[in-house]
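Chains as they are written, first to last, in the working numbering: chain U, 762 to 1036; chain Y, 5 to 734.
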């Protein structure tokens, strides 16, 4: 196994551009090291990006917050600039040791359908910045995730940062992770919503969910069924049912059942939208 | 009594807390030491045709198959049906087929990868109900059940299920074997509960006398029954590789292999049919117990025995019929786990008692008070309860503490988060069943040295339960010595007698009892003025040529009678008694169950080390809490699905409620200082108490543990179809 540990972004991008074998990026290592240890992955080339200062930290920008891809769950949780539901999600990831190493970029990069942070990024309309020697590009988080454990990242690219637009004052946000126990659990389902109500009418609604489909999903049916409508209990229940039926495609696995996931997704959605 | 009842330092404690304790994997590598691994079956049932060797230079390693076993290819335990290595028919996934030893881990993995067992698949059996392979059957008959059913006006029926559970000791299975010495002695050291069980297995595998099979216990990171029988398997494997390679061989399972290949709690199905009078008096009980034993007999007949004996619960009834059977399937053999058959049947009878109470409209406390066994009553096996019966006192204390008797059980509740409270009441026989202890004749030797210090030699193992401190306290008080005059010799079959296995809640009561007697014998011999420190007197006694060694062999209390054929008589020397009250909150959005509070009241006879006893009760209770609603352990095509710590879920500290432990001490005349068993009892009552609390909260009669959110949701939607977003497709 070839191993590189670049000290700057430029160096890392050169390594990636010149790589002959498909390089695996090592950030906090909470996914990749487990995969190597269990023999599920045997990467020929690993690039450890942990030592790249440009990828760490959270910055205020004109109309949003830019979060470096190597920002850990602990840093996200502790930083007041992190939107509330992203802090909630970061707090519920793994255990203290995992949170000290697991990064927002790694959560996106692994693209696990059970990722806890990614649904929140969907709900917040976040943008992912990808860097390569040939130039940068920005994709919405939703576009970035392309399927089961797959994403839009090219071999020559790495995730530079995540940009989250400033939140409107009247936005309501809610997040819920349903796990197998009260700590150190992988989600049975995870749901995030951000919505706005003017009068009684829903004027904005965006959602994200994990562990209810082969990939992290946004919730277009929910948005369709609730946007521009009066936010009554009946409408919420209807929208939740439609979203559970059409947005979700859950399966039975070692953590839960498809039946539970679909039903409880709807129940959680009602709970989150009724807050 | 200066140390019994007061805290004695745990001799092994500081090293464990400071991380200095040396477990199997921590023992420094010897020069020339090799590492061992196991080739296992990928299928649950089939004919082993051959083991194909792929592209690898096998001269670099040593491969052992069934043909290379010097003695019998039998994993010696109860029935000779389990081979050490599969020679012919594969009966479960992960069954050992061949062993490999290599100079290093990389070479070992490459060699294992190059070996391919060729197996012609056979139809597997996974459903215990359909298995024709009865490993053991037991019946208990008391009174005239049929006649009572014939004239009955009120019959309550119930069927209850419990799933498997993983012990999840922190330290995985591990052994180090040395090649035979010039005189043919094999030495194995490892993580284990029962050195003499391992010795017995080695003797059979190598056809050697006991003195040529030496077994040493290393520091052991937990067992909970999981290191009762399986260490014999690992020990035989490691010793065969050491024998074949001429190298010291170490085998330490990683968590994945440990979870997939080692025994867990038996899944159960228990049916109850009960005739009750209008006032709730139990008139007749008809009980059918079915356990899935897995692919080989292992300890299953003994697990069934304890299950059957406890199946009628801690209740008085003149007419009882219990039919129990454990059947073979193509699951990984199920084995010992704290409680040993009792938690399964305790769940069933306690749920049945709640069901009876609900059918009569009486309080769960009342049905238990009306029927509980008391001093002078007879159990299902017609055992007369002559002493140390804490039944009334544990219930009285827990009710005084919780007020559960004033709680309106199963009252209609509202809101999205609903609270409920539940009770369980139970007992657990201490020590081996029937004439088990009489046949075992456990021994303890105490030896005084020139300095007047006592060496305690017993085969009992320290597995985190506090045996060393408990023995120290008993020995100190029985001798009239200070704890620093007591040394507990680490178990090594070359240095300690066979005290019997460290299982069955027997170490304190049985082995501790022998220790107490041996020490009193020595104290009598030493004699002298009690005001002179014991060490001074003992030292003078030993230097003066006195007989400094006392060995005590266990003898049953007088008058115990057990008929093994009829399953009648004194099943245990004594019982521990307990009651649990659980308070839960069920979230109707997710059906997560939070245990808000847990109270357990236990009659332990006498707490030799109260802090350790409370720790045992808290730990056992937490395992029971985990089993009740969190710990899922299921097999798919015979393979356990929960094969990593990421998927094998046990409670974290956030899932752990405050646990109030109330101790009751009804002394047992034949236990050391009145003590009786406590190790397993706390595993029995948590699941039914929590199930009862869930029923109280949301009105769903839980009959299957673990009561996962998935199961509760389904039960809730069945009862409240209007609340469902989607029609449940079953």
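Even glycine gets a Cβ: it sits at the ideal position worked out from N, Cα and C.
- Boundaries of the alpha helix (DSSP H) around residue 793/U: 793-798.
- Among the residues of chain U, those whose CB is under 8 angstroms from the CB of residue 634/Y are 941, 942, following chain order.
- Counting only the Cα atoms, residue 543/Y lies some 34 angstroms from residue 441/Y.
- Under the DSSP definition of a beta bridge, residue 289/Y partners with 278/Y, 324/Y.
- Look at the beta carbons and you see the region 670-681 of chain Y not touching the region 328-341 of chain Y: under three pairs across the two are nearer than 8 angstroms.
- Under the Cβ criterion of 9 angstroms, residue 984/U is not counted among the residues facing chain Y.
- Shown here, residue 762/U sits in coil according to DSSP, grouped into three states, outside any helix or strand.
- Residues of chain U with a Cβ closer than 8 angstroms to the Cβ of residue 714/Y are, in chain order, 1017, 1018, 1020, 1021.
- Per DSSP, the beta bridge partners of residue 901/U are 888/U.
- Annotation for residue 242/Y: 40, 179, 181, 253, 255 place their beta carbon closer than 6 angstroms to its own, counting only its chain and skipping 5 residues before and after.
- At least one CB of chain U lies nearer than 9 angstroms to the CB of residue 657/Y.
- Nearest to residue 283/Y by alpha-carbon distance, out of 264/Y, 587/Y, 372/Y, is 372/Y.
- CA-to-CA, the gap between residue 315/Y and residue 377/Y works out to about 14 angstroms.
- Judged by DSSP secondary structure, residue 118/Y falls within the alpha helix (DSSP H) whose first and last residues are 109-118.
- Taking 7 angstroms as the upper bound on Cβ-Cβ separation, chain Y lies near no residue of the region 765-776 of chain U.
- Leaving aside the five residues that flank residue 883/U on each side, the residues in its chain whose CB is nearer than 6 angstroms to its CB run, in chain order, 902, 903, 969, 979.
- Three or more beta-carbon pairs separated by less than 8 angstroms are not found between the region 558-566 of chain Y and the region 399-412 of chain Y, which leaves the two stretches without contact.
- Between residue 51/Y and residue 137/Y, the C-beta gap is not smaller than 9 angstroms, which leaves the two residues out of contact.
- The alpha-carbon separation between residue 474/Y and residue 613/Y amounts to approximately 6 angstroms.
- With contact defined as three or more Cβ pairs closer than 8 angstroms, the region 15-23 of chain Y and the region 152-165 of chain Y are not in contact.
- Cβ proximity to chain U below 9 angstroms picks out nothing from the region 207-229 of chain Y.
- In this structure, the straight-line span from the alpha carbon of residue 949/U to that of residue 503/Y is close to 48 angstroms.
- Linking residue 370/Y to residue 360/Y through their CA atoms gives a straight-line distance of about 11 angstroms.
- For the region 633-652 of chain Y, the set of positions with a beta-carbon nearer than 7 angstroms to some beta-carbon of chain U reads 634, 645, 646, 650, 651 in chain order.
- If you look at residue 362/Y, you'll find it in the alpha helix (DSSP H) that goes 346-364.
- A straight-line Cα-Cα distance of about 15 angstroms links residue 74/Y and residue 103/Y.
- In the DSSP annotation of this structure, the continuous segment of the alpha helix (DSSP H) that includes residue 240/Y starts and ends at 234-249.
- For residue 356/Y, the closest alpha carbon among the candidates 430/Y, 424/Y, 391/Y, 118/Y is that of 430/Y.
- Bounds of any beta strand (DSSP E) do not take in residue 521/Y; it lies within the alpha helix (DSSP H) bounded by 516-530.
- In this chain, the alpha helix (DSSP H) harbouring residue 851/U covers 845-853.
- Assigned with DSSP and collapsed to three states, residue 451/Y falls in strand.
- Among the residues of the region 832-846 of chain U, none has a Cβ less than 9 angstroms away from any Cβ of chain Y.
- Per DSSP, residue 54/Y lies in no alpha helix (DSSP H); the unbroken beta strand (DSSP E) holding it starts and ends at 50-57.
- In the pairwise beta carbon analysis, the region 907-918 of chain U is classified as touching the region 864-876 of chain U: at least three pairs are separated by under 8 angstroms.
- With a cutoff of 9 angstroms on beta-carbon distance, residue 349/Y and residue 272/Y are scored as near each other.
- At least 9 angstroms separates the beta-carbon of residue 183/Y from that of residue 230/Y.
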